[in-house]
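Enquirer: Once you've had a glance at the structure underneath, I'll fire off some questions.
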Amino acid sequence: MTDTRADTALPLPALAAVMAVIGAFALSVGYIYPAIALNLEERGVSTVTIGVLAAIQGLGVLVCSVMLPWLTGRFGAWRLAVWSLLGTAATMTLLGLTEHLVIWGILRFLLGVGANALFVICEVWINVLAPERFRGRVIGTYTTVISALFALGPLLVPVLGYQGAGSFGAVAAIYLLMGAPVLWLRTAVPAMEKVPFRELPRVMLAIPVLLLAVAVFSFFDAATFALWVVYAFGRGETQTVTIITLSVLVTGNVILQFPIGWLADRMNRRLLLALLSAAAFAGAIVLPLLPLSNVLTYVFLFFWGAAAFGVYTIAITLIGQYLTGIRLVAANAAFGVMWGIGALIGPWITGLAMQSQGPVGLSLTFAVVYGVLTIAALSLPPIRAALVGLEREGKGKGKG
16 MTDTRADTAL
26 PLPALAAVMA
36 VIGAFALSVG
46 YIYPAIALNL
56 EERGVSTVTI
66 GVLAAIQGLG
76 VLVCSVMLPW
86 LTGRFGAWRL
96 AVWSLLGTAA
106 TMTLLGLTEH
116 LVIWGILRFL
126 LGVGANALFV
136 ICEVWINVLA
146 PERFRGRVIG
156 TYTTVISALF
166 ALGPLLVPVL
176 GYQGAGSFGA
186 VAAIYLLMGA
196 PVLWLRTAVP
206 AMEKVPFREL
216 PRVMLAIPVL
226 LLAVAVFSFF
236 DAATFALWVV
246 YAFGRGETQT
256 VTIITLSVLV
266 TGNVILQFPI
276 GWLADRMNRR
286 LLLALLSAAA
296 FAGAIVLPLL
306 PLSNVLTYVF
316 LFFWGAAAFG
326 VYTIAITLIG
336 QYLTGIRLVA
346 ANAAFGVMWG
356 IGALIGPWIT
366 GLAMQSQGPV
376 GLSLTFAVVY
386 GVLTIAALSL
396 PPIRAALVGL
406 EREGKGKGKG
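Numbering follows the numbering used here, with no gaps: position 216 of the sequence shown is 231.
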(Lines of atoms letter the chains of each structure in order from A and count residues from 1; the text may use other names and numbers.)
(Lines give C-alpha, C1' and ligand atoms only; values in the text may rest on other atoms or scores of the structure.)
Protein backbone atom coordinates (compact mmCIF):
# COMPACT_ATOMS: atom_id res chain seq x y z
CA MET A 1 0.00 0.00 0.00
CA THR A 2 1.44 3.34 -1.00
CA ASP A 3 1.70 5.88 1.81
CA THR A 4 -0.10 9.02 0.71
CA ARG A 5 -0.03 10.76 4.07
CA ALA A 6 2.48 13.53 3.50
CA ASP A 7 1.59 16.88 5.01
CA THR A 8 -0.50 17.92 2.01
CA ALA A 9 -4.00 19.23 1.45
CA LEU A 10 -6.92 17.11 2.55
CA PRO A 11 -8.35 14.77 -0.15
CA LEU A 12 -11.87 15.87 0.73
CA PRO A 13 -13.92 14.01 -1.94
CA ALA A 14 -12.36 10.66 -1.10
CA LEU A 15 -12.64 11.24 2.65
CA ALA A 16 -16.29 12.27 2.30
CA ALA A 17 -17.10 9.15 0.28
CA VAL A 18 -15.41 6.84 2.79
CA MET A 19 -17.23 8.54 5.67
CA ALA A 20 -20.57 8.13 3.88
CA VAL A 21 -19.95 4.41 3.47
CA ILE A 22 -18.89 3.92 7.07
CA GLY A 23 -21.89 6.02 8.11
CA ALA A 24 -24.12 3.36 6.57
CA PHE A 25 -22.53 0.86 8.97
CA ALA A 26 -23.06 3.13 11.98
CA LEU A 27 -26.70 3.96 11.27
CA SER A 28 -27.70 0.36 10.64
CA VAL A 29 -25.90 -1.00 13.72
CA GLY A 30 -27.34 1.84 15.82
CA TYR A 31 -30.79 0.68 14.77
CA ILE A 32 -30.20 -3.09 14.85
CA TYR A 33 -29.05 -3.43 18.48
CA PRO A 34 -31.99 -1.69 20.22
CA ALA A 35 -34.49 -2.97 17.65
CA ILE A 36 -33.47 -6.57 18.27
CA ALA A 37 -33.35 -6.03 22.04
CA LEU A 38 -36.88 -4.59 22.03
CA ASN A 39 -38.10 -7.38 19.78
CA LEU A 40 -36.67 -10.08 22.06
CA GLU A 41 -37.74 -8.32 25.27
CA GLU A 42 -41.32 -8.11 23.98
CA ARG A 43 -41.24 -11.82 23.17
CA GLY A 44 -40.19 -12.65 26.75
CA VAL A 45 -36.65 -13.78 25.92
CA SER A 46 -34.29 -13.73 28.94
CA THR A 47 -31.62 -11.06 29.47
CA VAL A 48 -28.87 -13.67 29.20
CA THR A 49 -30.20 -14.90 25.84
CA ILE A 50 -30.40 -11.33 24.54
CA GLY A 51 -26.80 -10.85 25.60
CA VAL A 52 -25.70 -14.14 24.02
CA LEU A 53 -27.30 -13.26 20.68
CA ALA A 54 -25.50 -9.91 20.72
CA ALA A 55 -22.27 -11.72 21.61
CA ILE A 56 -22.71 -14.01 18.59
CA GLN A 57 -22.60 -10.92 16.40
CA GLY A 58 -19.35 -10.03 18.18
CA LEU A 59 -18.03 -13.50 17.34
CA GLY A 60 -18.67 -12.75 13.68
CA VAL A 61 -16.67 -9.55 14.06
CA LEU A 62 -13.80 -11.51 15.61
CA VAL A 63 -13.72 -14.21 12.92
CA CYS A 64 -13.89 -11.60 10.18
CA SER A 65 -11.01 -9.61 11.68
CA VAL A 66 -8.70 -12.61 11.79
CA MET A 67 -9.43 -13.45 8.15
CA LEU A 68 -9.62 -9.91 6.78
CA PRO A 69 -5.90 -9.27 6.06
CA TRP A 70 -5.77 -12.40 3.90
CA LEU A 71 -9.13 -11.67 2.26
CA THR A 72 -8.17 -8.12 1.29
CA GLY A 73 -4.97 -9.39 -0.27
CA ARG A 74 -6.76 -12.19 -2.09
CA PHE A 75 -9.82 -10.33 -3.42
CA GLY A 76 -8.94 -6.65 -3.06
CA ALA A 77 -10.28 -4.18 -0.51
CA TRP A 78 -12.74 -2.46 -2.82
CA ARG A 79 -14.31 -5.68 -4.09
CA LEU A 80 -14.57 -7.03 -0.55
CA ALA A 81 -16.20 -3.79 0.62
CA VAL A 82 -18.88 -4.07 -2.10
CA TRP A 83 -19.56 -7.71 -1.25
CA SER A 84 -19.82 -6.82 2.43
CA LEU A 85 -22.29 -4.02 1.71
CA LEU A 86 -24.58 -6.29 -0.32
CA GLY A 87 -24.29 -9.27 2.02
CA THR A 88 -25.03 -7.23 5.12
CA ALA A 89 -28.11 -5.69 3.52
CA ALA A 90 -29.39 -9.16 2.63
CA THR A 91 -28.78 -10.38 6.19
CA MET A 92 -30.73 -7.45 7.66
CA THR A 93 -33.65 -8.22 5.38
CA LEU A 94 -33.67 -11.89 6.41
CA LEU A 95 -33.91 -10.92 10.10
CA GLY A 96 -37.41 -9.67 9.38
CA LEU A 97 -38.54 -12.92 7.78
CA THR A 98 -38.18 -15.24 10.80
CA GLU A 99 -38.36 -15.19 14.60
CA HIS A 100 -36.50 -18.48 15.15
CA LEU A 101 -33.74 -17.77 17.68
CA VAL A 102 -31.24 -20.23 16.19
CA ILE A 103 -31.62 -18.66 12.75
CA TRP A 104 -31.30 -15.22 14.32
CA GLY A 105 -28.06 -16.38 15.90
CA ILE A 106 -26.71 -17.43 12.48
CA LEU A 107 -27.86 -14.18 10.88
CA ARG A 108 -26.30 -12.08 13.63
CA PHE A 109 -23.01 -13.93 13.12
CA LEU A 110 -23.15 -13.12 9.40
CA LEU A 111 -24.10 -9.54 10.21
CA GLY A 112 -20.99 -9.24 12.37
CA VAL A 113 -18.81 -10.62 9.56
CA GLY A 114 -20.19 -8.42 6.78
CA ALA A 115 -20.52 -5.16 8.68
CA ASN A 116 -17.07 -5.50 10.25
CA ALA A 117 -15.36 -6.12 6.90
CA LEU A 118 -16.78 -2.88 5.52
CA PHE A 119 -15.94 -1.02 8.73
CA VAL A 120 -12.28 -2.09 8.95
CA ILE A 121 -11.59 -1.46 5.26
CA CYS A 122 -13.04 2.05 5.51
CA GLU A 123 -11.07 2.75 8.67
CA VAL A 124 -7.79 1.86 6.96
CA TRP A 125 -8.74 4.12 4.06
CA ILE A 126 -9.41 7.00 6.48
CA ASN A 127 -5.99 6.72 8.14
CA VAL A 128 -4.21 6.33 4.80
CA LEU A 129 -5.89 9.42 3.36
CA ALA A 130 -5.33 11.62 6.45
CA PRO A 131 -2.28 13.96 6.29
CA GLU A 132 -0.29 13.86 9.54
CA ARG A 133 -0.89 17.49 10.51
CA PHE A 134 -4.65 16.97 10.25
CA ARG A 135 -4.73 13.45 11.68
CA GLY A 136 -6.48 14.11 15.00
CA ARG A 137 -9.11 16.31 13.38
CA VAL A 138 -9.75 13.89 10.52
CA ILE A 139 -10.15 11.02 12.98
CA GLY A 140 -12.31 13.26 15.19
CA THR A 141 -14.53 14.06 12.21
CA TYR A 142 -14.70 10.39 11.29
CA THR A 143 -15.76 9.35 14.80
CA THR A 144 -18.23 12.25 14.85
CA VAL A 145 -19.88 10.87 11.71
CA ILE A 146 -20.05 7.40 13.23
CA SER A 147 -21.38 8.72 16.53
CA ALA A 148 -24.00 10.93 14.87
CA LEU A 149 -25.39 8.01 12.93
CA PHE A 150 -25.18 5.65 15.90
CA ALA A 151 -27.25 8.25 17.77
CA LEU A 152 -29.78 8.45 14.93
CA GLY A 153 -30.02 4.66 14.72
CA PRO A 154 -32.10 4.18 17.89
CA LEU A 155 -34.36 7.06 16.81
CA LEU A 156 -35.32 5.01 13.75
CA VAL A 157 -36.86 2.37 16.03
CA PRO A 158 -40.15 4.23 16.71
CA VAL A 159 -40.28 5.28 13.03
CA LEU A 160 -39.54 1.94 11.36
CA GLY A 161 -40.66 -0.36 14.17
CA TYR A 162 -38.78 -3.44 15.26
CA GLN A 163 -40.82 -6.38 13.99
CA GLY A 164 -41.35 -7.97 10.60
CA ALA A 165 -39.94 -7.69 7.10
CA GLY A 166 -41.03 -4.08 6.66
CA SER A 167 -38.91 -2.78 9.54
CA PHE A 168 -35.71 -4.69 8.80
CA GLY A 169 -36.14 -4.35 5.03
CA ALA A 170 -36.42 -0.58 5.37
CA VAL A 171 -33.17 -0.27 7.31
CA ALA A 172 -31.46 -2.53 4.73
CA ALA A 173 -32.59 -0.19 1.95
CA ILE A 174 -31.26 2.84 3.83
CA TYR A 175 -27.97 0.98 4.35
CA LEU A 176 -27.59 0.30 0.62
CA LEU A 177 -28.43 3.87 -0.34
CA MET A 178 -25.91 5.38 2.07
CA GLY A 179 -23.24 2.84 1.15
CA ALA A 180 -23.53 3.47 -2.60
CA PRO A 181 -20.47 5.83 -2.73
CA VAL A 182 -18.28 2.74 -2.30
CA LEU A 183 -18.74 2.20 -6.04
CA TRP A 184 -16.83 5.44 -6.75
CA LEU A 185 -13.99 4.57 -4.39
CA ARG A 186 -12.51 1.89 -6.64
CA THR A 187 -9.94 4.34 -8.07
CA ALA A 188 -10.01 6.96 -5.30
CA VAL A 189 -8.19 4.98 -2.60
CA PRO A 190 -4.85 3.13 -2.69
CA ALA A 191 -4.69 -0.64 -3.03
CA MET A 192 -3.93 -2.70 0.07
CA GLU A 193 -1.07 -5.14 0.33
CA LYS A 194 -1.61 -8.68 1.54
CA VAL A 195 -0.57 -8.83 5.19
CA PRO A 196 1.67 -11.80 6.13
CA PHE A 197 0.20 -13.71 9.07
CA ARG A 198 3.36 -13.14 11.15
CA GLU A 199 2.83 -9.38 10.98
CA LEU A 200 -0.51 -9.47 12.81
CA PRO A 201 0.72 -10.99 16.12
CA ARG A 202 3.89 -8.87 15.96
CA VAL A 203 1.89 -5.66 15.72
CA MET A 204 -0.52 -6.84 18.42
CA LEU A 205 2.39 -7.35 20.82
CA ALA A 206 3.65 -3.85 20.03
CA ILE A 207 0.42 -1.97 20.87
CA PRO A 208 -1.14 -3.66 23.95
CA VAL A 209 -2.52 -0.44 25.48
CA LEU A 210 -4.18 0.61 22.23
CA LEU A 211 -5.64 -2.86 21.75
CA LEU A 212 -7.00 -2.73 25.29
CA ALA A 213 -8.55 0.67 24.53
CA VAL A 214 -10.33 -0.79 21.49
CA ALA A 215 -11.53 -3.83 23.44
CA VAL A 216 -12.85 -1.67 26.28
CA PHE A 217 -14.58 0.68 23.86
CA SER A 218 -16.14 -2.25 22.01
CA PHE A 219 -17.17 -3.86 25.32
CA PHE A 220 -18.93 -0.64 26.30
CA ASP A 221 -20.40 -0.09 22.85
CA ALA A 222 -21.85 -3.57 22.37
CA ALA A 223 -23.10 -3.93 25.95
CA THR A 224 -24.73 -0.50 25.86
CA PHE A 225 -26.57 -1.04 22.59
CA ALA A 226 -27.58 -4.59 23.52
CA LEU A 227 -28.61 -4.03 27.14
CA TRP A 228 -29.36 -0.35 27.76
CA VAL A 229 -33.02 -1.05 27.01
CA VAL A 230 -33.04 -3.81 29.63
CA TYR A 231 -31.10 -1.57 32.07
CA ALA A 232 -33.53 1.33 31.78
CA PHE A 233 -36.61 -0.91 31.94
CA GLY A 234 -35.09 -2.54 35.02
CA ARG A 235 -34.96 0.88 36.65
CA GLY A 236 -38.64 1.40 35.88
CA GLU A 237 -38.31 3.80 32.95
CA THR A 238 -40.66 4.07 29.97
CA GLN A 239 -39.73 3.18 26.40
CA THR A 240 -39.57 6.88 25.52
CA VAL A 241 -37.09 7.69 28.30
CA THR A 242 -35.10 4.59 27.42
CA ILE A 243 -34.65 5.61 23.77
CA ILE A 244 -33.91 9.24 24.68
CA THR A 245 -31.22 8.33 27.21
CA LEU A 246 -29.55 5.90 24.78
CA SER A 247 -29.49 8.55 22.07
CA VAL A 248 -28.15 11.23 24.43
CA LEU A 249 -25.46 8.82 25.60
CA VAL A 250 -24.04 8.51 22.10
CA THR A 251 -24.84 12.06 20.96
CA GLY A 252 -21.95 13.42 23.02
CA ASN A 253 -19.73 11.96 20.32
CA VAL A 254 -21.46 14.02 17.65
CA ILE A 255 -20.47 17.26 19.36
CA LEU A 256 -17.28 16.37 21.21
CA GLN A 257 -15.25 13.93 19.10
CA PHE A 258 -13.90 16.69 16.83
CA PRO A 259 -12.78 18.72 19.88
CA ILE A 260 -11.17 15.54 21.24
CA GLY A 261 -9.37 15.14 17.90
CA TRP A 262 -8.33 18.79 18.03
CA LEU A 263 -6.85 18.19 21.49
CA ALA A 264 -5.08 15.10 20.16
CA ASP A 265 -3.26 17.32 17.64
CA ARG A 266 -2.08 19.63 20.43
CA MET A 267 -1.35 17.63 23.59
CA ASN A 268 0.17 14.36 24.74
CA ARG A 269 -2.09 11.68 23.27
CA ARG A 270 -1.20 9.08 25.88
CA LEU A 271 -2.26 11.47 28.66
CA LEU A 272 -5.46 12.31 26.81
CA LEU A 273 -6.27 8.60 26.53
CA ALA A 274 -5.79 8.17 30.29
CA LEU A 275 -7.94 11.24 31.09
CA LEU A 276 -10.83 10.07 28.91
CA SER A 277 -10.69 6.58 30.40
CA ALA A 278 -10.64 7.97 33.94
CA ALA A 279 -13.69 10.12 33.16
CA ALA A 280 -15.54 7.06 31.82
CA PHE A 281 -14.63 5.12 34.97
CA ALA A 282 -15.91 7.91 37.23
CA GLY A 283 -19.12 8.17 35.21
CA ALA A 284 -19.83 4.46 35.62
CA ILE A 285 -19.53 4.85 39.39
CA VAL A 286 -21.93 7.81 39.43
CA LEU A 287 -24.57 6.43 37.01
CA PRO A 288 -26.58 4.30 39.52
CA LEU A 289 -27.02 7.36 41.75
CA LEU A 290 -28.79 9.43 39.09
CA PRO A 291 -32.47 9.35 38.04
CA LEU A 292 -32.59 8.64 34.31
CA SER A 293 -35.58 10.88 33.55
CA ASN A 294 -33.81 14.09 34.52
CA VAL A 295 -32.31 16.91 32.43
CA LEU A 296 -29.11 16.96 34.50
CA THR A 297 -28.73 13.24 33.89
CA TYR A 298 -29.02 13.86 30.16
CA VAL A 299 -26.14 16.35 30.43
CA PHE A 300 -24.12 13.79 32.38
CA LEU A 301 -24.81 11.07 29.79
CA PHE A 302 -23.78 13.45 27.01
CA PHE A 303 -20.29 13.99 28.45
CA TRP A 304 -19.90 10.46 29.80
CA GLY A 305 -20.64 8.95 26.41
CA ALA A 306 -18.12 11.27 24.73
CA ALA A 307 -15.38 10.20 27.15
CA ALA A 308 -16.22 6.49 26.93
CA PHE A 309 -16.25 6.48 23.13
CA GLY A 310 -13.37 8.96 22.87
CA VAL A 311 -10.73 6.41 23.84
CA TYR A 312 -11.25 4.85 20.42
CA THR A 313 -10.59 8.17 18.65
CA ILE A 314 -7.22 8.44 20.38
CA ALA A 315 -6.30 4.81 19.68
CA ILE A 316 -6.92 5.25 15.94
CA THR A 317 -4.97 8.52 15.93
CA LEU A 318 -1.98 6.89 17.63
CA ILE A 319 -1.67 3.99 15.19
CA GLY A 320 -1.87 6.41 12.29
CA GLN A 321 0.81 8.56 13.93
CA TYR A 322 3.31 5.72 14.27
CA LEU A 323 2.53 3.10 11.61
CA THR A 324 2.35 3.05 7.81
CA GLY A 325 1.91 0.57 5.01
CA ILE A 326 1.64 -3.09 5.86
CA ARG A 327 1.87 -2.45 9.60
CA LEU A 328 -1.05 -0.02 9.50
CA VAL A 329 -3.17 -2.66 7.78
CA ALA A 330 -2.08 -5.20 10.41
CA ALA A 331 -2.85 -2.75 13.23
CA ASN A 332 -6.36 -2.09 11.89
CA ALA A 333 -6.92 -5.83 11.57
CA ALA A 334 -5.69 -6.23 15.16
CA PHE A 335 -8.13 -3.50 16.20
CA GLY A 336 -10.84 -5.53 14.50
CA VAL A 337 -9.84 -8.61 16.49
CA MET A 338 -10.05 -6.67 19.75
CA TRP A 339 -13.29 -5.04 18.66
CA GLY A 340 -14.66 -8.53 18.10
CA ILE A 341 -13.45 -9.75 21.49
CA GLY A 342 -14.98 -6.74 23.24
CA ALA A 343 -18.25 -7.11 21.34
CA LEU A 344 -18.28 -10.84 22.10
CA ILE A 345 -17.71 -10.65 25.86
CA GLY A 346 -19.26 -7.26 26.60
CA PRO A 347 -22.96 -8.14 26.30
CA TRP A 348 -22.36 -11.60 27.78
CA ILE A 349 -20.47 -10.46 30.90
CA THR A 350 -22.70 -7.44 31.39
CA GLY A 351 -25.81 -9.58 30.95
CA LEU A 352 -24.56 -12.03 33.59
CA ALA A 353 -23.76 -9.15 35.96
CA MET A 354 -27.24 -7.71 35.49
CA GLN A 355 -28.81 -11.13 35.96
CA SER A 356 -26.93 -11.45 39.26
CA GLN A 357 -26.90 -7.87 40.58
CA GLY A 358 -29.80 -6.24 38.79
CA PRO A 359 -29.41 -3.04 36.72
CA VAL A 360 -26.37 -1.91 38.74
CA GLY A 361 -24.43 -4.79 37.17
CA LEU A 362 -24.11 -2.72 34.00
CA SER A 363 -22.40 0.14 35.85
CA LEU A 364 -20.11 -2.21 37.75
CA THR A 365 -18.79 -3.90 34.61
CA PHE A 366 -18.14 -0.56 32.91
CA ALA A 367 -16.29 0.73 35.99
CA VAL A 368 -14.04 -2.33 36.04
CA VAL A 369 -13.03 -2.22 32.37
CA TYR A 370 -12.39 1.53 32.26
CA GLY A 371 -10.52 1.35 35.56
CA VAL A 372 -8.16 -1.25 34.08
CA LEU A 373 -7.66 0.85 30.94
CA THR A 374 -6.84 3.95 32.98
CA ILE A 375 -4.13 2.12 34.92
CA ALA A 376 -2.69 0.64 31.71
CA ALA A 377 -2.63 3.98 29.89
CA LEU A 378 -0.75 5.60 32.77
CA SER A 379 1.68 2.70 33.22
CA LEU A 380 2.63 1.57 29.70
CA PRO A 381 3.70 3.33 26.47
CA PRO A 382 1.15 3.36 23.63
CA ILE A 383 3.54 1.51 21.32
CA ARG A 384 6.59 -0.71 21.88
CA ALA A 385 8.60 0.69 19.01
CA ALA A 386 11.34 -1.94 18.93
CA LEU A 387 8.89 -4.72 18.06
CA VAL A 388 7.73 -3.08 14.84
CA GLY A 389 10.76 -1.01 13.83
CA LEU A 390 8.91 2.26 14.45
CA GLU A 391 8.37 3.90 11.07
CA ARG A 392 7.32 7.41 11.93
CA GLU A 393 10.14 8.51 14.22
CA GLY A 394 10.14 12.25 14.68
CA LYS A 395 6.45 12.51 13.77
CA GLY A 396 4.24 13.78 16.57
CA LYS A 397 6.87 13.48 19.27
CA GLY A 398 5.42 14.69 22.51
CA LYS A 399 1.93 13.68 21.37
CA GLY A 400 2.27 9.96 22.07
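We put the CB at the ideal spot given by N, CA and C, even for glycine.
If you draw a straight line from the C-alpha of Pro205 to the C-alpha of Val172, how long is it?
Expert: Approximately 37 angstroms between the Cα atoms of the pair.
Enquirer: Which stretch, first to last residue, makes up the alpha helix (DSSP H) that contains Phe149?
Expert: First-last for Phe149: undefined, no H or E at that position.
Enquirer: With distance defined between alpha-carbon atoms, name the residue in Ala50, Leu338, Ile141 nearest to Leu25.
Expert: Out of Ala50, Leu338, Ile141, Ile141 has the C-alpha closest to the C-alpha of Leu25.
Enquirer: In whole angstroms, give me the CA-to-CA distance for Arg284 and Ile329.
Expert: Approximately 7 angstroms, taken between the alpha carbons.
Enquirer: Out of Val352, Leu333, Ala349, Phe350, state which residue places its alpha-carbon closest to the alpha-carbon of Ile398.
Expert: The shortest Cα separation from Ile398 among Val352, Leu333, Ala349, Phe350 belongs to Leu333.
Enquirer: Quick one: using the 10 Å Cβ neighbour count with 16 as the cut-off for buried, is Asn54 buried or exposed?
Expert: By the 10 Å Cβ count, Asn54 comes out buried.
Enquirer: Report buried or exposed for Ala188, applying the criterion of at least 16 other Cβ atoms within 10 angstroms of its Cβ.
Expert: The residue in question, Ala188, is exposed, as its Cβ has fewer than 16 Cβ neighbours within 10 Å.
Enquirer: Taking Val220 as the reference, which of Met353, Ala294, Val128 has the closest Cα?
Expert: Here the sequence assigns Leu to residue 220, which means Val is not the residue at that position. For the residues Met353, Ala294, Val128, the minimum Cα distance to Leu220 belongs to Met353.
Enquirer: Taking Cβ to Cβ, would you say Tyr157 is nearer than 8 angstroms to Met34?
Expert: Yes; because the gap between Cβ atoms is below 8 angstroms, this pair is in contact.
Enquirer: Between the Cα of Ser182 and those of Met193, Pro169, Ala392, spot the shortest distance and give me the residue it belongs to.
Expert: It is Pro169.
Enquirer: Find out if the Cβ-Cβ distance for the pair Ile136, Ala166 is shorter than 8 angstroms.
Expert: Contact flag unset, no.
Enquirer: Thinking C-beta only, is Ala241 closer than 8 angstroms to Ala69?
Expert: Yes; because the gap between Cβ atoms is below 8 angstroms, this pair is in contact.
Enquirer: Below 7 angstroms CB to CB, which residues in the same chain sit around Ser292 once its five sequence neighbours on both sides are set aside?
Expert: Closer than 7 angstroms at Cβ, skipping near neighbours: Val326, Tyr385, Leu388, Thr389, Ala392.
Enquirer: Going by C-alpha distance, which of Leu198, Leu192, Leu42, Leu227 is nearest Pro396?
Expert: Among Leu198, Leu192, Leu42, Leu227, the Cα nearest to that of Pro396 belongs to Leu227.
Enquirer: Looking only at C-alpha atoms, which of Gly361, Val143, Leu101, Gly251 sits nearest to Phe40?
Expert: Closest option to Phe40, Cα to Cα, is Leu101.
Enquirer: Give a yes or no on whether the C-beta atoms belonging to Gly111 and Gly184 are separated by under 8 angstroms.
Expert: Closer than 8 angstroms, so yes.
Enquirer: Does DSSP put Asn309 in a helix, in a strand, or in coil?
Expert: Coil.
Enquirer: State the Cα-Cα distance for the pair Leu74 and Gly66, rounded to the nearest angstrom.
Expert: Cα-Cα distance, rounded: 12 angstroms.
Enquirer: Leaving aside the five residues before and after Leu27 along the sequence, list all residues of the same chain whose C-beta is less than 8 angstroms from its C-beta, in chain order.
Expert: Here the set comprises nothing.
Enquirer: State yes or no: is the C-beta of Trp243 within less than 8 angstroms of the C-beta of Leu261?
Expert: Yes. Within cutoff.
Enquirer: How would you label Gln336, buried or exposed, when you count the other beta carbons within 10 angstroms and need 16 or more for buried?
Expert: Gln336 is buried by the Cβ-count criterion.
Enquirer: Which residues in the same chain have their Cβ closer than 7 angstroms to the Cβ of Leu164, if we skip the five residues on either side of it in sequence?
Expert: Correct list, in chain order: Gly38, Ala41, Leu42, Gly45.
Enquirer: Let me know if Trp363 comes out buried or exposed under the rule of 16 or more other beta-carbons within 10 Å of its beta-carbon.
Expert: With 16 or more other Cβ atoms within 10 Å, it is buried.
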